[in-house]
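A.B. asks: Residues 8 to 391 (the numbering used here) are what the sequence shown spells out, left to right. The beta carbon of each residue, even a glycine, is placed where N, CA and C say it ideally should be. For clarity, every value in this text was computed on a predicted model and none was experimentally measured. My questions will all concern the structure given below.
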Amino acid sequence: MESGARSSSQYSASEAPWRLHCQRTTKVRSCLPELQLLPTPTTYPHTNFIRSGTTQHPHLFLSKTTKSTVMRSLTLLPLLAAPSTIFAAPQQPPFANTTKLPTHYGLLVFPHFQALDVFGPMDVFNTLSMLYSNYTTMSLSILSATYAPVSTGMQGMHGSGNFGESIVPTITFKDYLAQEKNSSYSKPGQGSNNSDEDEEPCDDGHGGHAVAKRMMRMQKRQHQMPTNDTMPHPTPSLKSDIEVLLVPGGGGTRQPLPEEIAFVKHIYPKLKYIISVCTGSTILSRSGILDGRNATTNKRSWPWAVTQGPKVNWIPTARWTEDGNIFTSSGISAGIDVAYAFISRVYGEEVAHYLSLSAEYDRETDMHHDPYAAIWDVPGATPQ
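Here's what the structure looks like:
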């Protein structure tokens, strides 16, 4: 403070500093453009009076040391007067990829899957489908060993409780593979003939009954399932192959899961992309599709998970990895980041960024930024 100048505490209420006066004024923004600096009266040698319009306010003053700061601040007034043009909402960008995009997504579920492994990435894809419905039409198949609802519940794992959420499969592994054999999902009666009894012609007295019985079983399940306008139901036919498969992790990956592993091994050569989250990478590694490839997994479960793929090049410090058409992520919440990374690569970075803004999510864009590897003492982890 300059010599001779008084601090704000030295002035009476009628001489309240200009800054405090403005804080109590509801129309500061509209008044500021009219403020004018006047010559300093002799009674206040170290201050300047401010006049608004034609009225002089002796209790409004600025010291010489702050005069230049206020004048610079006044240059921002035109910006404050037009916030709509400065803080404009993000505009939805188009897809950067002009090639054929994947439209049929698959979600593999099993008892005791990790909820966020599924619902985190799926919400990203849900938003993509919703906001870009004029650009692409996406469909989802939820696959499991049976048509029974699949729960995240940890029965028998960490207590006797059954707290969790359930998801209803739309098709089983067996039914999907059966239809896959049927000449690229042709209409009933137009598929190729083979030795499977469910696919024999109806006039042989055997195959037709098998198909009819299966249809009856499916219809019965539909009536027994909880339904609403948004929940898909089992269907006897699919219109196309699954192109992108999401495989979550969770406590259920500690089980043998022979059907899940066999399904991944069979379907992978026909997929455009496969994405694993958390310990879902162990299903991929046990199927053999990660042999010789880079992959990562949940860092807390690292000691167990890496033993499930001795031929895999496990990356200790990685939020996610990309090796060809295989994406693998670190634990749980990392599934959201790998979903955005997938969208960035397939649909465009601007699209991924726009979707993250819509979700109000601060995404990780550096796949090598992974502090959890060091936190969980993963061998070979890079401190961050």
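I need the boundaries of the beta strand (DSSP E) containing Gly-113, first residue and last residue.
C.D. replies: 111 to 115
A.B. asks: So what's Phe-334 in DSSP terms, helix, strand or just coil?
C.D. replies: Strand.
A.B. asks: According to DSSP, simplified to helix, strand and coil, what is Tyr-142?
C.D. replies: coil
A.B. asks: How long is the line joining the alpha carbons of Glu-187 and Ser-294, rounded to whole angstroms?
C.D. replies: In a straight line, the C-alpha of Glu-187 is about 19 Å away from that of Ser-294.
A.B. asks: With 16 other CB atoms within 10 Å as the buried threshold, where does His-119 fall?
C.D. replies: His-119 should be labelled buried.
A.B. asks: Do three or more CB pairs link the region 246 to 259 to the region 97 to 115 at distances below 8 Å?
C.D. replies: yes
A.B. asks: Gln-98: buried (16+ other C-beta within 10 angstroms of its C-beta) or exposed?
C.D. replies: exposed
A.B. asks: Assign Asn-104 to one of two classes, buried (16 or more other C-beta atoms within 10 Å of its C-beta) or exposed (fewer than that).
C.D. replies: exposed
A.B. asks: Under 8 Å, do Gln-336 and Cys-285 count as touching if we go by C-beta distance?
C.D. replies: The amino acid occupying residue 336 in the given sequence is Ser; Gln does not appear at that position. Closer than 8 Å, so yes.
A.B. asks: So, does the region 324 to 333 touch the region 297 to 314, judging by three or more C-beta pairs under 8 Å?
C.D. replies: yes
A.B. asks: Rounded to the nearest angstrom, what separates Glu-7 and Leu-147 at their Cα positions?
C.D. replies: No answer is possible for residue 7: the residues shown for the chain start at 8 and end at 391.
A.B. asks: The beta strand (DSSP E) that contains Val-251, what's its start and end?
C.D. replies: 251 to 254
A.B. asks: Short check: CB of Ile-282 to CB of Val-251, under 8 Å?
C.D. replies: yes
A.B. asks: Does DSSP put Thr-134 in a helix, a strand or coil?
C.D. replies: helix
A.B. asks: Based on Cα-Cα distance, which residue from Ser-173, Tyr-361, Tyr-368 lies nearest to Ala-96?
C.D. replies: Tyr-361
A.B. asks: If you count every other CB in all the chains shown that lies within 10 Å of the CB of Lys-4, and 16 or more means buried, which is it?
C.D. replies: The structure shown does not extend to residue 4, since the chain is modelled only from 8 through 391, so no value can be given for it.
A.B. asks: Put Thr-179 into one of helix, strand or coil per three-state DSSP.
C.D. replies: In the structure shown, Thr-179 sits in a strand (DSSP, three-state: E or B).
A.B. asks: Would Ala-388 pass as a contact of Thr-289 if the rule is Cβ separation under 8 Å?
C.D. replies: no
A.B. asks: CA-CA distance, Thr-179 and Ala-381?
C.D. replies: 39 Å
A.B. asks: Quick check on the burial criterion: 16 or more other C-beta atoms within 10 angstroms. Buried or exposed for Met-223?
C.D. replies: With a pLDDT of 49 at Met-223, under the threshold of 50, the predicted position of this residue should be treated as unreliable, though the coordinate-derived value follows. Around the beta carbon of Met-223, fewer than 16 other beta carbons sit within 10 angstroms, so the residue counts as exposed.
A.B. asks: Whole beta strand (DSSP E) runs in the region 239 to 315 with 3 or more residues, listed along the chain?
C.D. replies: 251 to 254, 280 to 283
A.B. asks: Do Asn-305 and Ala-312 come within 8 Å of each other at the CB atom, strictly closer than that value?
C.D. replies: yes
A.B. asks: Under a Cβ-count criterion, where at least 16 other Cβ atoms within 10 Å of its own Cβ denotes burial, should Pro-128 be classed as buried or exposed?
C.D. replies: It is buried - the Cβ of Pro-128 has at least 16 other Cβ atoms within 10 Å.
A.B. asks: Does Val-345 come out as helix, strand or coil in the three-state DSSP assignment?
C.D. replies: helix
A.B. asks: For the alpha helix (DSSP H) that contains Val-358, what are its first and last residues?
C.D. replies: 356 to 365
A.B. asks: Identify the continuous alpha helix (DSSP H) that holds Ala-155 and give its terminal residues.
C.D. replies: Run containing Ala-155: none; DSSP gives neither H nor E here.
A.B. asks: Starting from Tyr-379 and walking both ways along the alpha helix (DSSP H), at which residues does that stretch end?
C.D. replies: 379 to 382
A.B. asks: With which residues is Ile-174 paired in a DSSP beta bridge?
C.D. replies: Val-157
A.B. asks: Consider the Cβ of Asn-133: report whether some Cβ of chain D lies at a distance smaller than 8 Å.
C.D. replies: Here chain D cannot be found, since the structure has a single protein chain.
A.B. asks: So if DSSP puts Ser-148 in a beta bridge, which residue, or which two residues, is it bridged to?
C.D. replies: Gly-113
A.B. asks: As a quick exercise: from Leu-278, Arg-326, Val-131, Val-125, pick the residue whose alpha carbon is nearest that of Tyr-354.
C.D. replies: Val-131
A.B. asks: If you draw a straight line from the alpha carbon of Arg-326 to that of Tyr-280, how long is it in whole angstroms?
C.D. replies: 18 Å
A.B. asks: Using 10 angstroms around the beta-carbon of Met-137, count the other beta-carbons present and answer buried if the total reaches 16, otherwise exposed.
C.D. replies: exposed
A.B. asks: Work out the CA separation of Pro-100 and Pro-265 for me, nearest whole Å.
C.D. replies: 43 Å
A.B. asks: Below 6 Å CB to CB, which residues in the same chain sit around Phe-270 once its five sequence neighbours on both sides are set aside?
C.D. replies: Phe-180
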